[in-house]
Every structure is written in C-alpha cells, then in structure tokens.
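Chemist: Take any residue in the sequence shown, note its place counting from 1, add 11, and you have its number in the working numbering.
Note that the Cβ used here is the ideal one computed from N, Cα and C, for glycine as well.
Before we start, here is the structure in question, set down as structure tokens.
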Amino acid sequence: AAVQAVLLNPLGFADQERVVVLWQTDLRRALPVIEVAHGEAADWAARSRSFEEIAVFGSVNWPLPLADPGEPVSLSMSAVSPPFFSVLRVKPLIGRVFDNTDDSGVRPRAAVISHALWTRRFGRDPAILRRVLRTPSTTGEPPDSIPVVGVLPAGFEFPRGVDVWLPAGPLVRAAATQFTRGDPAAAVRWLRMFFGVGRLRPDVSTVEAGRELTHVLRTSDTQGGPEPPTHAIVTPVITFLVGPAEPVLWALLGGTMLLLLLACANVAGLQVSRAARRQRALAIRMAIGASRGRLIAQVVAETAIVTAVAGAAAIMIALALQAGLVALAPMDVPRLLDVTSVNPRVLGFGVVAAFTTIGLSALWPIIAVGRLDATRVLARAGGSAGDPGGRRVQRVVVATQVALAVTLLAGTVVFLRSIRALDEAALGFVPDRLLALSITSPTADPARWDVAYAALEDRVRALPGVDAAGSVYLRPLLGPIGLDNQPF
C-alpha cells in the first residue's frame with residue numbers, strides 16, 4: 012500500500028515519465044547541488060533539442076504573508092516561470108495560468124492558487140477571479156494586491172505543499188533591487204534560486220538529455236556571471252520528489268515478498284502433511300462411491316474457505332496497523348497521507364496473492380487425490396508412513412522454508428544494523444530536545460528584521476523549560492540555500 016501510494020500513483024500531470032527536474036553540480040568545488048537561474052533555464056530551453064519545454068520553480072517554498080486584518084496568515088508560495096504549467100500539462104480548473112506579460116516588472120500582478128487553498132480560505136467561491144491576495148509592502152506603503160487569475164485542479168501539488176504560485180521574474184527583480192541593489196536584468200540572468208523542470212521529447216533518455224545539457228552549459232556565455240558549474244543533472248520527477256525513500260520502499264517491498272513466500276511455503280507444508288494424513292479417509296470415501304472429481308473439489312473448497320478467512324483477517328490487521336506504520340515513517344516522505352490498504356489495486360493484489368496461494372497449496376493434495384489407489388492405501392496398515400512421495404515433497408517444502416527464512420533473517424539483520432548506524436551517526440550537534448520552527452517575518456521591512464527577531468528570541472528564551480533559542484535563515488539539512496552555497 013505504501014509503495015502504491017508513494018511511488019506508483021500518478022502525480023497529477025500527464026506523461027510524468029517524461030518530466031524531469033534539472034539542476035547543476037560542480038565536482039571541482041564539491042558542490043553536489045547548484046541551483047538554476049531564470050536566465051540560465053531560458054538559455055537551456057533555446058539551445059537544447061532534448062526537451063520540448065523547460066521552466067523553473069523555486070528550490071524552496073517561500074512564505075507569503077497576507078495583510079488581512081485579524082490573525083496573521085502565511086501561505087506557502089513557489090515562484091515559477093510562465094512555461095511551468097505547460098511543461099506539466101496542467102490546465103486550470105478556473106481562469107488561466109501565467110503568460111510572458113505576467114513575468115515582467117518588479118511586482119507580481121497575477122497569482123494562481125491551489126484547489127486546497129480555494130476550498131480552505133475562499134470556500135470554493137465561484138467568483139474567485141475577482142478576489143485578490145493582499146500582501147504587506149516592504150516600504151510602509153499600503154499592502155500590495157495580487158489578483159487571483161486561476162485555480163488549479165484538485166490533486167495537483169508540485170512543488171509539495173504549495174498554496175500559491177507567483178511569476179518568478181518580478182520576484183527575482185524585486186530581490187535584486189531590495190537586497191543587492193544590483194541590476195535587475197543581471198539578477199534574472201544569474202541569480203540562482205530555482206530548480207529547472209523540463210519535458211523530454213519522445214525517445215530521449217535522461218542520460219542523453221543530461222549529456223546535451225552539460226554541453227550547453229559549458230558552451231554558454233558566462234561573462235559577467237558566476238563561475239560555471241561542471242555538469243547538468245537530469246533526474247525523473249518521481250525520484251526528485253521521493254528521494255532516498257524510493258530504494259527503502261522497494262527494499263521493504265522485497266522483504267514483504269520474501270515473508271509472503273515463507274508464509275506460502277508454511278501453508279503448503281501443512282497442506283502436504285494434512286493430505287498425507289487424510290489419504291486413508293479419502294480412500295474410504297472413494298471405496299464407497301465418491302468420484303475423484305468430487306474429492307478434488309472438496310480439497311479445493313476447504314483450502315479456499317481457509318484462505319478467505321485468513322485474507323479477511325489479514326485485511327483487518329492491515330487496517331489496524333496502517334496508521335501506526337505511517338506514523339513511524341519520516342514526515343518528509345511525500346504522499347504518506349495517501350497510504351491506504353482499501354484501494355482496488357492493493358486489494359486486487361492481495362486477492363490474487365491469496366488465490367495463487369490456494370492453487371499452490373492445494374496442488375499436492377490434488378495430485379495425491381488424482382493418483383490415489385484406494386485398494387492399496389486401505390491395505391497398507393501404516394497410513395501415510397509408507398508414502399515415499401509425500402515424504403519427499405515435505406522435505407522439499409521444509410528446505411524451501413529454511414532457505415527463505417535464512418535469506419529474510421540475513422536481510423533483516425543488515426537492515427537493522429544500517430538503522431543503528433544511522434541512529435549513531437555524528438551530526439555535529441545534539442538533536443535531543445531540539446525543536447525547529449518555521450516563522451514568517453513579523454514585519455515586511457527588512458531593515459527592522461534584526462530587531463524583530465532579537466525581540467522574538469528574548470521572549471522564547473523566557474518561556475518555561477526553554478534552555479536556549481536562536482534563528483537561522485534555513486535550518487541545517489533542509490536543502491539547498493542558493494547562490495552556489497552548500498551546507499556541510
């Protein structure tokens with residue numbers, strides 16, 4: 012169920028196997044992740060032939076505070092270039108998405124919102140296109156008003172957790188003007204604060220696209236910009252979203268399959284033993300007139316009833332354990348809340364596995380009934396003791412069980428040792444009793460941020476049970492932080 016929900020379910024956009032995420036790397040400077048600038052992605056789109064389209068989206072979700080009266084509200088926002096929705100083949104449920112005119116200027120003049128935000132904050136207002144998002148001004152002027160121009164369909168969530176999408180160009184120009192006092196055009200060309208997202212042309216692999224994109228970035232005009240990276244990275248979108256959880260889930264699924272095989276071998280062994288013990292009873296029934304077909308039908312019916320009862324019990328156990336297993340998983344794994352055993356594919360797999368077990372487990376008893384010589388069995392006093400065929404099958408089943416059990420046990424030991432090693436890894440800081448909170452700036456004026464955060468830290472330190480408090484732009488291990496920097 013977890014593999015189905017996290018890895019196999021569609022992401023909400025068409026032909027997702029052709030959608031890839033792009034970034035850069037520099038092996039000379041040991042920088043595994045270098046973000047992409049708006050202008051760099053436009054250059055890649057113009058010069059590469061492996062992609063139908065390339066766009067950018069923010070490498071982190073930025074907070075978007077609202078200036079509404081009453082309780083402060085902060086939304087999760089991602090900055091994207093106009094081709095973003097076209098790359099993902101996502102059409103708005105209401106209104107439109109961005110065009111090139113929205114990407115100009117230094118203030119965003121269009122916003123696309125998620126279906127969840129439309130439901131949660133606006134009550135699915137059909138007149139949503141007449142509403143605006145009021146955001147605090149950084150200069151003390153009246154709040155900015157950003158018109159809502161579109162609502163995306165339910166189920167679309169890329170990047171994860173986004174409430175609002177804004178055009179990237181105005182935000183980059185505003186950042187250049189506000190923080191660096193630099194040239195807005197140069198900021199759009201070189202300010203690296205995005206990931207790229209592209210749609211591959213048919214029959215183009217990620218390896219081929221990465222090779223071509225690396226050639227493009229190495230031959231680009233970098234005059235006036237930062238030091239060029241060495242390679243372009245092209246990775247499937249599902250790998251980007253799931254990250255290290257993907258191999259773990261596949262490994263756990265493999266362990267589950269081994270456990271299932273072990274259980275099937277157990278059931279088969281019990282069936283073989285039971286069939287050997289029942290030979291005399293079946294011979295008596297055959298002697299008094301029961302046909303072989305009737306006896307075979309009886310064996311199959313008995314096995315089916317036992318398997319159906321066991322399957323129903325297994326489904327109830329799975330439902331009872333599901334919430335606990337999801338709670339044990341890291342919260343960074345996407346789509347965990349979608350994990351459910353009650354869906355057609357998972358239940359269908361369970362039914363097929365159960366009835367395959369029926370067939371395999373009933374195979375030997377059916378063969379035994381088909382070969383049953385009632386006269387010989389009734390004449391043999393020892394019952395099943397003299398049946399060499401039954402003993403051979405039992406030995407094969409036991410050997411198979413032992414082999415599967417040893418394999419599963421060895422894999423479990425390696426897995427537990429890996430978990431223990433991760434738990435004991437030196438992080439460089441003590442994680443016990445350490446809490447990380449994400450806080451939106453209490454003021455829209457950057458000049459007053461230091462004072463506001465210092466006052467906030469003093470108030471937090473005064474709380475009962477707090478030993479220390481501090482602040483940082485992005486907490487360690489959260490992800491890339493832009494401008495070619497990489498935390499160690």
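Can you tell me which of Ser61, Ala25, Leu420 puts its alpha carbon nearest to the alpha carbon of Gly266?
Modeler: That would be Leu420, whose Cα lies nearest to the Cα of Gly266.
Chemist: Distance check for Arg472 and Ala480, CA to CA, integer angstroms please.
Modeler: Cα-Cα distance, rounded: 6 Å.
Chemist: Report the CB separation of Val17 from Val344 in whole angstroms; it is logged as a contact under 8 Å.
Modeler: About 6 Å separates the two Cβ atoms, so the contact holds.
Chemist: Measuring CA to CA, which of Val199, Val162, Leu86 is closest to Gly116?
Modeler: The candidate whose alpha carbon is nearest that of Gly116 is Val199.
Chemist: Mind checking which residues open and close the alpha helix (DSSP H) that includes Glu468?
Modeler: Start and end: 460 to 472.
Chemist: For the structure I just gave you, are there three or more beta carbon pairs, one from the region 45 to 55 and one from the region 154 to 168, closer than 8 Å?
Modeler: Too few Cβ pairs lie closer than 8 Å, so no.
Chemist: Taking Cβ to Cβ, would you say Pro178 is nearer than 9 Å to Val91?
Modeler: Their beta carbons are under 9 Å apart, which means Pro178 touches Val91 by this criterion.
Chemist: Among Glu168, Arg184, Thr233, Arg210, which residue has its Cα nearest to the Cα of Asp54?
Modeler: When only C-alpha atoms are compared, the closest one is Thr233.
Chemist: Return yes when the Cβ of Ser125 is within less than 9 Å of the Cβ of Val71, no when it is not.
Modeler: Not in contact: Val71 and Ser125 (Cβ atoms no closer than 9 Å).
Chemist: Going by alpha carbons, who is nearest to Gly166 out of Arg346, Val425, Val409, Thr217?
Modeler: That would be Arg346, whose Cα lies nearest to the Cα of Gly166.
Chemist: Using a Cβ-Cβ cutoff of less than 6 Å, which residues in the same chain neighbour Gly394 once the five nearest sequence positions on both sides are dropped?
Modeler: Since pLDDT at Gly394 reaches only 46, below the 50 mark, its modelled position is unreliable, and the value read off the structure follows with that caveat. Closer than 6 Å at Cβ, skipping near neighbours: Arg291.
Chemist: Beta carbon of Val215, beta carbon of Ser61: below 9 Å?
Modeler: Yes; because the gap between Cβ atoms is below 9 Å, this pair is in contact.
Chemist: Just mark Val425 as buried or exposed, buried being the case when its beta carbon has 16 or more other beta carbons within 10 Å.
Modeler: Its Cβ having fewer than 16 others within 10 Å, Val425 is exposed.
Chemist: Under three-state DSSP, which class holds Ala396?
Modeler: Residue confidence is low: Ala396 scores 46 on pLDDT, short of 50, so the model does not pin down where it sits. Its coordinate-derived value is still stated next. Three-state DSSP puts Ala396 in coil, outside helix and strand.
Chemist: If you follow the beta strand (DSSP E) that Pro76 is in, where does it begin and where does it stop?
Modeler: It spans 73 to 77 - the beta strand (DSSP E) in which Pro76 sits, taken as one unbroken run.
Chemist: Are the CB atoms of Phe24 and Leu123 within a distance shorter than 9 Å?
Modeler: As written in the sequence, residue 123 is Val, which differs from the Leu given in the question. It is not a contact, given that the beta carbons lie outside the stated cut-off.
Chemist: Only counting the same chain, and skipping five residues up and downstream in sequence, which positions put a Cβ closer than 7 Å to that of Leu264?
Modeler: Closer than 7 Å at Cβ, skipping near neighbours: Val14.
Chemist: Can you give me the start and stop residues for the beta strand (DSSP E) that Thr246 sits inside?
Modeler: That run of the beta strand (DSSP E) goes 242 to 247.
Chemist: If you draw a straight line from the alpha carbon of Leu332 to that of Ala66, how long is it in whole angstroms?
Modeler: So the alpha carbons of these two residues sit roughly 41 Å apart.
Chemist: Could you give the first and the last residue of the continuous alpha helix (DSSP H) run that contains Met327?
Modeler: That run of the alpha helix (DSSP H) goes 303 to 339.
Chemist: For the region 102 to 180, which segments carrying the alpha helix (DSSP H) assignment without a break, of at least 4 residues, lie completely within its bounds, in sequence order?
Modeler: Correct list: 126 to 133.
Chemist: According to the Cβ coordinates, are Phe366 and Val248 closer than 9 Å?
Modeler: Contact flag unset, no.
Chemist: Nearest by alpha-carbon distance to Ser97: which of Ala186, Ser231, Leu211, Glu257 is it?
Modeler: Cα-wise, what sits closest to Ser97 is Leu211.
Chemist: Please confirm if the region 235 to 251 is in contact with the region 30 to 44, defined as three or more CB-CB distances below 8 Å between the two stretches.
Modeler: Short answer: they touch.
Chemist: Given a cut-off of 9 Å, decide if Leu202 and Ala5 are closer than it, judged by their beta-carbon atoms.
Modeler: Only positions 12 to 499 of the chain appear in this structure, which leaves residue 5 out of reach.
Chemist: Restricting to Cα atoms, I'd like to know which of Arg171, Val175, Asp114, Thr112 is closest to Val143.
Modeler: For the residues Arg171, Val175, Asp114, Thr112, the minimum Cα distance to Val143 belongs to Val175.
Chemist: So, Ala78 versus Thr146, is the Cβ gap smaller than 9 Å?
Modeler: Yes, they are a contact pair.
Chemist: Can you tell me the Cβ-Cβ gap for Pro103 and Met88, rounded? I've got them flagged as a contact below 8 Å.
Modeler: Rounded, the Cβ-Cβ distance is 17 Å, inconsistent with contact.
Chemist: Straight-line CA distance for Arg39 to Thr241?
Modeler: Each residue's Cα considered, the two are about 8 Å apart.
Chemist: Which one of Thr451, Gly134, Pro475, Gly476 has the shortest CA to CA distance from Tyr464?
Modeler: Checked all of Thr451, Gly134, Pro475, Gly476; the closest Cα to Tyr464 is Thr451.
Chemist: Which of helix, strand or coil does DSSP assign to Val14?
Modeler: Looking at Val14 - three-state DSSP - the assignment turns out to be helix.
Chemist: Under the rule that 16 or more other beta-carbon atoms within 10 Å means buried, what is Thr423, buried or exposed?
Modeler: The residue is exposed, with fewer than 16 neighbouring Cβ atoms inside 10 Å.
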